[in-house]
Amino acid sequence: MRRLVAAAAVLGCFGTGAAEAQVFRTGVETVRLGVAVVDKAGQPIAALTPDDFVVLEDGRSQQVRLFAPGGASDEERPPLHIGLLFDTSGSMVADLPMARTAAVKFCNLLQRAEDITLVDFDTEVRVARFGQQDFPRFVERLRHRKPDGWTALYDALGVYLDGTISQDGEKILVVYSDGGDTRSTMSYTDALTALKASDVTVYVVGFLDNQGSREKLEQRMRLTRLAESTGGLAFFPGSRQDIDHAYAEVLADVNARYLIGYVSTNQATDGTWRKVDVRLNRPDLKAVRVRARQGYFGLLRQEQGAQRPDPGGGAARKRGS
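Under numbering that gives the first Met the number 0, residues 0 to 320 are what the sequence shown spells out, in order.
What follows is the structure, given as structure tokens:
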């Protein structure tokens, strides 16, 4: 397990506009993808090699230059950074105890993580980062919050994405929420765009049982789209057993993911969206599903040099302690 020397560090203020696509820095611009490969039962498929994958960018084949197999040792993989978006608004009053227990179990089992970033939100958005040695402080902070106020889900997502800019490695975000945003200045469309511009993989644990049928359908669709656009998954548990199944599946998915990197053949610095499609080159494997993020924004050439486009706007976020 990696350890941080520093204790829990509260992040500084961020604006959503800084949610940029992150990559490995290897001397050239390298696109990094986390790739999940599962069979028809949802079980991870192991022991694949770089030659088993085909990566297409805007329909053009790309050469795999970085590769880490699923289940590889910590030394073979980049650092893992875990984020939790935790809804403590008044609408979560019935589900908060179950969500809190699931979040603690999940983080306790994923011991190879470098750190945990907790973003708890209601009317305001609060964020703190904890090293593994500060796990008790993370648990205490999670248990301290009581359900109250409105729901600033999309603002919380923007704040989290801003904080990932300084992180190099795998970034996994687990969202615990009922999905109903009643407070954010950031729109759902902007939140989705900001996610697409990042290299964060999102897993959603949505609590929708206390909503009406029409609202439940809308929130389920929105949360599912947020997760699937990044190559992640969405779960909507109705019981504690369902939650246990959800976080067990997330753990298995995270630990079995392949890491693939390539240098794009498109060297234009125009800031445009590049669609990425990852496939298997294994005709013998039937009914296999491959999940990865759907693309990224290319670099944008400016006077100061090539930079990522600013997908999320520049709205500042008010945050409590």
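We treat Cβ as the ideally placed atom computed from N, Cα and C, and that holds for glycine. On a predicted model such as this, the values are computed, not experimentally measured, just so you know.
- In the structure shown, valine 253 adopts helical secondary structure according to DSSP, grouped into three states.
- With contacts defined by Cβ atoms closer than 9 Å, serine 90 and threonine 150 form a contacting pair.
- Secondary structure remark: continuous alpha helix (DSSP H) runs of at least 4 residues inside the segment 77-141, in chain order: 95-108.
- DSSP links isoleucine 171 through a beta bridge to Ile81, Thr200.
- Taken atom to atom, the span from the alpha-carbon of proline 68 to that of leucine 279 is near 14 Å.
- A straight-line Cα-Cα distance of about 44 Å links proline 146 and valine 54.
- Counting only residues of its own chain and dropping the five nearest sequence neighbours on each side, valine 37 has a CB closer than 6 Å to the CB of Pro43, Arg288.
- As computed with DSSP, arginine 239 is found in no beta bridge at all.
- Ranked by Cα distance from tyrosine 202, the first of Val124, Ala46, Thr223 is Thr223.
- Take the alpha-carbon of serine 176 and the one of aspartate 208: they are about 12 Å apart.
- Selection Gln62, Gly270, Leu299, Pro77 evaluated against isoleucine 171 yields Pro77 as nearest (Cα-Cα).
- Relative to aspartate 198, the option among Val126, Arg136, Leu258, Lys285 whose CA is nearest is Leu258.
- Taking a C-beta distance under 9 Å as the contact criterion, glycine 297 and serine 263 qualify as a contact pair.
- Beta-carbon to beta-carbon, proline 236 and alanine 245 are separated by about 5 Å, close enough to satisfy the 8 Å threshold.
- Under the DSSP definition of a beta bridge, glutamate 56 partners with Arg59, Val275.
- When DSSP states are grouped into helix, strand and coil, leucine 299 belongs to the strand group.
- Residue burial is scored here from C-beta neighbours: methionine 185 has at least 16 other C-beta atoms within 10 angstroms and is therefore classed as buried.
- By the neighbour-count definition (other C-beta atoms within 10 Å, threshold 16), aspartate 283 is an exposed residue.
- Here leucine 65 is not near phenylalanine 120, since their CB atoms are 9 Å or more apart.
- Annotated three-state conformation of glycine 205 is strand, per DSSP.
- The beta carbon of aspartate 276 is closer than 7 Å to those of Leu55 in its chain, skipping five residues each way along the sequence.
- By the criterion of a C-beta distance shorter than 6 Å, valine 249 is surrounded in its chain by Tyr202, once the five residues flanking it on both sides are discounted.
- For threonine 192, there is no enclosing beta strand (DSSP E); the enclosing alpha helix (DSSP H) covers residues 187-195.
- Excluding sequence positions up to five before and after lysine 39, its CB lies within less than 6 Å of the CB of Ala286, all in the same chain and listed in chain order.
- Between glycine 82 and valine 118 the beta-carbon gap is near 7 Å, inside 8 Å, which marks them as a contact.
- Alanine 291 and alanine 35 have their alpha carbons spaced roughly 7 Å apart.
- Around lysine 274, the same chain offers Asp57, Gly294 as residues with beta carbons nearer than 6 Å, after the five sequence neighbours per side are excluded.
- For threonine 223, there is no enclosing beta strand (DSSP E); the residue is part of the alpha helix (DSSP H) that begins and ends at 212-227.
- In the three-state reduction of the DSSP assignment, proline 49 falls in the helix class, which pools H, G and I.
- About 6 Å separates the beta carbon of leucine 141 from that of alanine 102, a gap short enough to meet the 8 Å contact definition.
- Of the residues Glu113, Gly41, Arg300, the one whose Cα lies closest to the Cα of glutamate 74 is Glu113.
- Beta-carbon to beta-carbon, arginine 31 and glycine 260 are separated by about 5 Å, close enough to satisfy the 8 Å threshold.
- Taking 9 Å as the cut-off, the beta carbon of leucine 225 is found closer than this to the beta carbon of alanine 190.
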